[in-house]
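Just so you know, the protein sequences line up as chains A and B, in that order.
Residue numbering for the first sequence follows numbering that gives the first Met the number 0, beginning at 0 and increasing consecutively.
Residue numbering for the second sequence follows numbering that gives the first Met the number 0, beginning at 0 and increasing consecutively.
As structure tokens, the structure follows; a few thoughts come after it.
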Amino acid sequence: MSGRKRWRDDDERGQTELPALGIAFLFLTVALLMTVAAAETGFNTAERDAIERQTAVSLSEQLIDEEAAITARQNVLNESALSQISETNLSEEYGLDSEQAVRVQVGGETIVERGDVTGGTTVERIVSVESQEVETLEPTFVDSLSVSLPRRTDAVTLRLDPPPETTIRSVRANNETVLKTENGLAGTFDLSLSMLSTTTLWFEAAGPMPRGSVEIEYLATETQKSTLTVTVDE
Amino acid sequence: MSKQSHCNHQSTRNRGQASITVAEAGIGILLLLGITFAFTLGVPGAENTATENQLDRYADDTTTLLSNEPPRHQDQTRLAEVTASQEAFDREQDELADRVAAILPDNVMFRLETQYGSLGYPLPDDVTTGEQTVLTPNGEVHLEVWYA
Numbered sequence: 000m001s002g003r004k005r006w007r008d009d010d011e012r013g014q015t016e017l018p019a020l021g022i023a024f025l026f027l028t029v030a031l032l033m034t035v036a037a038a039e040t041g042f043n044t045a046e047r048d049a050i051e052r053q054t055a056v057s058l059s060e061q062l063i064d065e066e067a068a069i070t071a072r073q074n075v076l077n078e079s080a081l082s083q084i085s086e087t088n089l090s091e092e093y094g095l096d097s098e099q100a101v102r103v104q105v106g107g108e109t110i111v112e113r114g115d116v117t118g119g120t121t122v123e124r125i126v127s128v129e130s131q132e133v134e135t136l137e138p139t140f141v142d143s144l145s146v147s148l149p150r151r152t153d154a155v156t157l158r159l160d161p162p163p164e165t166t167i168r169s170v171r172a173n174n175e176t177v178l179k180t181e182n183g184l185a186g187t188f189d190l191s192l193s194m195l196s197t198t199t200l201w202f203e204a205a206g207p208m209p210r211g212s213v214e215i216e217y218l219a220t221e222t223q224k225s226t227l228t229v230t231v232d233e
Numbered sequence: 000m001s002k003q004s005h006c007n008h009q010s011t012r013n014r015g016q017a018s019i020t021v022a023e024a025g026i027g028i029l030l031l032l033g034i035t036f037a038f039t040l041g042v043p044g045a046e047n048t049a050t051e052n053q054l055d056r057y058a059d060d061t062t063t064l065l066s067n068e069p070p071r072h073q074d075q076t077r078l079a080e081v082t083a084s085q086e087a088f089d090r091e092q093d094e095l096a097d098r099v100a101a102i103l104p105d106n107v108m109f110r111l112e113t114q115y116g117s118l119g120y121p122l123p124d125d126v127t128t129g130e131q132t133v134l135t136p137n138g139e140v141h142l143e144v145w146y147a
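Following this line, the structure appears as structure tokens:
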């Protein structure tokens, strides 16, 4: 009699049931798999972001370097040379992986894009864009035989065509004599000037100098602030 | 006697007892969910590194552009001019502040320090900054930038 009672006690003592244990294991395993998946995604994203950033920074450094094909000086881009970057030399000259999607923009305008860039990492650099234009000036000498060039320039082509009774004896750029003769200057001369300050050309001549006697052709450089944006999408 | 024990035995069976397995599983799941959130939501320091990197680039570019600009008066470059002497600094500081503000993007604020004084905005306490120090023939110039 007592043996039967003890058996029933064991049976109904609060004890783990097999189905409950199985379901608990199932839930825990699912949670564990979720955690591992999240961890792996997190690691992969961090690694990809790091690689994208490193590539973007390295490419931007190379592009604004003074030795680069598109720059005139450090951080100063040459507007006419911007077409020098193309998709083909992105991997050769700039050492980019062929799988990476890259986009380079200057002042918002895309100058080269390879692949499909959606998102990724962007690096912005501050640059100046320099554009050069040839301008011509024909001065009328009113008060003195001098003319100030409106822009700083380092390359000037001077065309001297004085009337027959006039002889131009010398030409000075600021304080430096650049052309001098006793017989009279005439013809085309190339001058090399300093960019440090604006240049005033002084002419020493005997006789009238009407408009057209002197024609000045100079290379005017204009700089504009801009940004170089490099986006890399792995 | 047997009736008594039978009654006790019955009440044991019908007492509401929580399954310990459910409680254990619940705690385990909470722990794992906590770890999952740590990975998915990310560590806060990561974004700061990217910002600091970009700000460092801005500072670097700004000092490069300033170093290569022709000066207003005599000295070699604009930056060298401002570190030449106390009076040169006082004379040039407004113009230089305008120039730095023009170079940097609109949402970036700056502070430029030289041995003769500082110009720009006061540095807030807990903000991510990028910086660059450049050496001029007359002394050091330290530029610090941050997002407004």
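Ideal Cβ positions, reconstructed from N, Cα and C, are used throughout, including at glycine.
Computed from a predicted model, the values in this text were never measured in an experiment.
Short CB-CB distance (under 8 Å) between L76/A and chain B: For L76/A, the answer is no, since every Cβ of chain B falls outside 8 Å of its Cβ.
Within the segment 17-90 of chain B, ranges of the beta strand (DSSP E) (whole runs, at least 3 residues): Annotation note: the segment 17-90 of chain B contains no uninterrupted beta strand (DSSP E) run of length 3 or greater.
Cβ-based neighbour list, Q61/A, same chain, cut-off 7 Å, excluding 5 preceding and 5 following: Here the set comprises A67 and Y93.
Own chain residues within Cβ distance below 8 Å of S196/A, not counting five before or after: For S196/A, where only same-chain residues beyond five positions count, the Cβ hits under 8 Å are R151 and N173.
Cα-Cα separation between N88/A and S97/A, rounded to whole angstroms: Distance between the alpha carbons of N88/A and S97/A is about 11 Å.
Below-8 Å beta-carbon distance, I102/B vs any chain C residue: Of the protein chains in the structure, A and B, none is chain C.
Classification of D60/B by the beta-carbon crowding that lies within 10 angstroms, buried from 16 upward: Taking every protein chain shown into account, the CB of D60/B has 16 or more other CB atoms within 10 angstroms, so this residue is buried.
W6/A in three-state terms, based on DSSP: Its pLDDT being 49, under 50, W6/A is placed unreliably by the model, and the measurement read from it follows with that caveat. If DSSP states are grouped into helix, strand and coil, W6/A belongs with the helices.
Beta-carbon contacts of E130/B that lie in its chain and below 6 Å, excluding the five residues immediately before and after: Closer than 6 Å at Cβ, skipping near neighbours: A58 and E143.
8 Å Cβ cut-off: residues of chain A touching Q53/B: The contact set of Q53/B on chain A, defined by CB atoms closer than 8 Å, consists of V122 and E123 in chain order.
Closest by C-alpha distance to L107/A, when choosing among S90/A, A100/A, G119/A and V126/A: Here the sequence assigns Gly to residue 107/A, which means Leu is not the residue at that position. Nearest of S90/A, A100/A, G119/A and V126/A to G107/A, Cα basis: V126/A.
S212/A - DSSP class collapsed to helix/strand/coil: Note: S212/A maps to coil in three-state DSSP.
CB contact check: A49/B to chain A, cutoff 8 Å: Yes - at least one Cβ of chain A is within 8 Å of the one on A49/B.
Residue of L20/A, P18/A, E233/A and L227/A minimising C-alpha distance to R124/A: Nearest C-alpha to R124/A: L227/A.
Members of the segment 124-142 of chain B near chain A, C-beta cut-off 8 Å: Of all residues in the segment 124-142 of chain B, none is placed with a Cβ closer than 8 Å to any Cβ belonging to chain A.
Terminal residues of the alpha helix (DSSP H) in which T109/A lies: For T109/A, there is no enclosing alpha helix (DSSP H); the residue is part of the beta strand (DSSP E) that begins and ends at E108 to R113.
Against chain A: residues of the segment 18-29 of chain B by CB proximity under 8 Å: Here the close residues are S18, I19, T20, V21, E23, A24, G27 and I28.
For T200/B, the nearest candidate out of P136/B, R56/B and N137/B (CA to CA): Nothing can be reported for residue 200/B, as the shown portion of chain B is limited to 0 through 147.
C-alpha gap between T50/B and E16/A, whole angstroms: Rounded to whole angstroms, the gap between the alpha carbons of T50/B and E16/A is 55 Å.
Stretch-stretch touch, CB-based, cutoff 8 Å, three pairs: the segment 72-86 of chain A with the segment 18-30 of chain B: Fewer than three pairs of CB atoms, one per stretch, sit closer than 8 Å, so the segment 72-86 of chain A makes no contact with the segment 18-30 of chain B.
Supposed contact pair S145/A and F202/A - C-beta distance, whole angstroms, cut 8 Å: Right, the Cβ-Cβ distance comes to about 7 Å (below 8 Å), so this counts as a contact.
When A205/A, R158/A, P138/A and E216/A are compared against R168/A, the one with the closest alpha-carbon: If you compare the alpha carbons of A205/A, R158/A, P138/A and E216/A with that of R168/A, the shortest gap goes to A205/A.
Three-pair Cβ contact test at 8 Å for the segment 47-54 of chain A versus the segment 109-120 of chain A: Contact between the segment 47-54 of chain A and the segment 109-120 of chain A is present: three or more C-beta pairs spanning the two stretches fall below 8 Å.
Under 7 Å from the C-beta of F38/B: neighbouring residues of chain A: Correct list: A37, A38 and G41.
Three-pair Cβ contact test at 8 Å for the segment 154-162 of chain A versus the segment 181-200 of chain A: Yes, since at least three Cβ pairs between the segment 154-162 of chain A and the segment 181-200 of chain A fall closer than 8 Å, the two stretches touch.
Separation of T34/A from T40/A, as counted between CA atoms: Straight across, the Cα-Cα distance linking T40/A with T34/A is about 10 Å.
Cut-off 7 Å between Cβ atoms - residues of its own chain near R113/A, not counting five sequence neighbours on either side: Excluding positions up to five away in sequence, the list reads E86, L89, A100 and V101.
Coarse secondary structure for A68/A, derived from DSSP in three states: Coil.
The segment 22-32 of chain B contacting the segment 18-26 of chain A, beta-carbon criterion three pairs below 8 Å: Yes, the segment 22-32 of chain B is in contact with the segment 18-26 of chain A.
Run of the beta strand (DSSP E) containing L142/B, from where it starts to where it stops: Note, L142/B: beta strand (DSSP E), G138 to Y146.
Test: T76/B CB closer than 8 Å to a CB of chain A: For T76/B, no Cβ of chain A is located within less than 8 Å of the residue's own Cβ.
Same chain, Cβ closer than 6 Å to H141/B, five either side skipped, listed in chain order: Excluding sequence positions up to five before and after H141/B, its CB lies within less than 6 Å of the CB of E112 and T132, all in the same chain and listed in chain order.
Burial state of P149/A, where buried means 16 or more other Cβ atoms lie within 10 Å: So P149/A counts as exposed.
Per DSSP, the bridge partner or partners of M33/A: Among the bridge pairs identified by DSSP, M33/A is matched with none.
Contact list for Y146/B against chain A, beta-carbon separation under 8 Å: In chain order: nothing, as chain A lies at least about 12 Å away.
Extent of the continuous alpha helix (DSSP H) run through N88/A: Where N88/A is concerned, the enclosing alpha helix (DSSP H) stretches over E86 to E91.
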